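Heads up: the sequence shown is residues 142 to 386, going by the working numbering.
Written out below as structure tokens is the structure these notes cover.
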Amino acid sequence: MARTAAEWNAPPKFPATHYVDSRLYTDESIFKEEKEKLFRPSWIIACHESELPEAFDYRLFTHPAGVPLIVVRGDDARVRAFYNICPHRGNTILYDPSGNAKRMTCIFHQWSFDTRGNCVEISRAEQGYQERFRKEDASMREVKCELAYGGFVWVNLADDCAPLREFIGGAMDILDPYMQEPMELFHYHRAHVRTNFKLWHDTNSEFYHDFLHYFNRITGMLQPGYFDRRYTGFPNGHATVGSMQ
């Protein structure tokens, strides 16, 4: 029988711990808390090292927590990541999505920084600050950055975070056979999905897709063994689904 408005809006007849409240997908306060508690302390892929082949190459990345970042290869070949925010007035430092810059200069007041995050020039420093403020005190905000698992560049906004491999655990072991050869980026695609990040994931991670969607049906996804794939859980919320045997 069809439901009335009151029945439709009533919570399920289960304990509160047994169903997902729809507010998790729509409540802005919950999303704000997720950005602080989920995204900030997590290791996130920012780009691939092949996008930074030469010294001073950089790539911009907007972190899921809402923080704009610069990922740059220094003159020492090391890849580092910094807030794309000038410590002077909070202005954006770099605007082009990628490029090569020996110095990263803020267009607002011409403060300049090197690829190690050091402030190397403050315009009219002597006239404006005398000895009260030095460029040594105006470095960029660096974030944790590691290269791993096929050359991907991972970043973490938390200074006290666990090392990347400890955070991942064994969740990437399933991909080891595919990461033995050097990889490089050959195509960049960006899609804007007008929904909460969890809804996109939830609607693409269940097995309905495997036998209801036409594309999957015609590509042999119903072959024996498809639903026998092994689901393996790991610490920190990671999991893998094995391939068909």
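Glycine included, every Cβ here is placed at the ideal spot set by N, Cα and C.
Computed from a prediction, not measured in an experiment: that's the story for all the values here.
Ala380, buried or exposed, once every other Cβ within 10 Å from all chains shown has been counted against 16 | On the sequence shown, position 239 is the one that residue 380 refers to. Within 10 angstroms of the beta-carbon of Ala380 lie fewer than 16 other beta-carbons, which makes it exposed.
What residues match up with Phe293 in a beta bridge as DSSP calls it?
-> Counted from its first residue, the sequence shown places residue 293 at position 152. His189 and Ala289.
Can you check whether the CB of Asn297 is closer than 9 Å to the CB of Ile185?
-> The residue labelled residue 185 in the question sits at position 44 within the sequence shown. The residue labelled residue 297 in the question sits at position 156 within the sequence shown. The Cβ atoms of Ile185 and Asn297 lie closer than 9 Å to each other.
Assess, as a yes-or-no matter, whether the stretch 291-310 is touched by the stretch 178-196 under the definition of 3 or more beta carbon pairs within less than 8 Å.
-> yes
Could you spell out the range, first to last residue, of the beta strand (DSSP E) harbouring Thr167?
-> Here residue 167 is taken as the residue at index 26 of the sequence shown, counted from 1. First-last for Thr167: Arg164 to Thr167, but that is the alpha helix (DSSP H), not the beta strand (DSSP E).
Which listed residue (Ser163, Glu283, Cys247 and Asp301) has its alpha carbon closest to that of Asp464 | This structure cannot settle anything about residue 464, because the visible part of the chain is limited to 142 through 386.
Separation of Met142 from Phe180, as counted between CA atoms | On the sequence shown, residue 180 is found 39 positions in, with the first residue counted as 1. On the sequence shown, residue 142 is found 1 positions in, with the first residue counted as 1. Computed Cα separation, rounded: 43 Å.
Beta carbon of Val220, beta carbon of Cys286: below 9 Å?
-> Locating residue 220 in the sequence shown gives position 79, counting from the first residue. Locating residue 286 in the sequence shown gives position 145, counting from the first residue. Yes; because the gap between Cβ atoms is below 9 Å, this pair is in contact.
Just mark Asp316 as buried or exposed, buried being the case when its beta carbon has 16 or more other beta carbons within 10 Å.
-> Locating residue 316 in the sequence shown gives position 175, where the first residue counts as 1. Per the sequence shown, the amino acid found at residue 316 is Leu instead of Asp. Burial call: exposed.
Going along the chain, which residues of its own chain have a beta-carbon closer than 8 Å to the beta-carbon of Phe172, five neighbours each way excluded?
-> Taking the sequence shown and counting its residues from 1, the one referred to as residue 172 is at position 31. Excluding positions up to five away in sequence, the list reads Asn337.
Which term fits Ser440, buried or exposed, when burial requires 16 or more other beta carbons within 10 angstroms of its beta carbon?
-> Residue coverage of the chain in this structure runs from 142 to 386, which leaves residue 440 outside it and unanswerable.
Residues that Met245 bridges to, as DSSP identifies them | Start at 1 with the first residue of the sequence shown, and residue 245 comes out as number 104. According to DSSP, Met245 bridges with Phe254.
Looking at C-alpha atoms only, which residue of Ile309, Asp369, Ala299 and Pro152 is the closest neighbour of Pro375?
-> Here the question's residue 375 lines up with position 234 in the sequence shown. Reading off the sequence, residue 375 comes out as Phe, not Pro. Cα-wise, what sits closest to Phe375 is Ile309.
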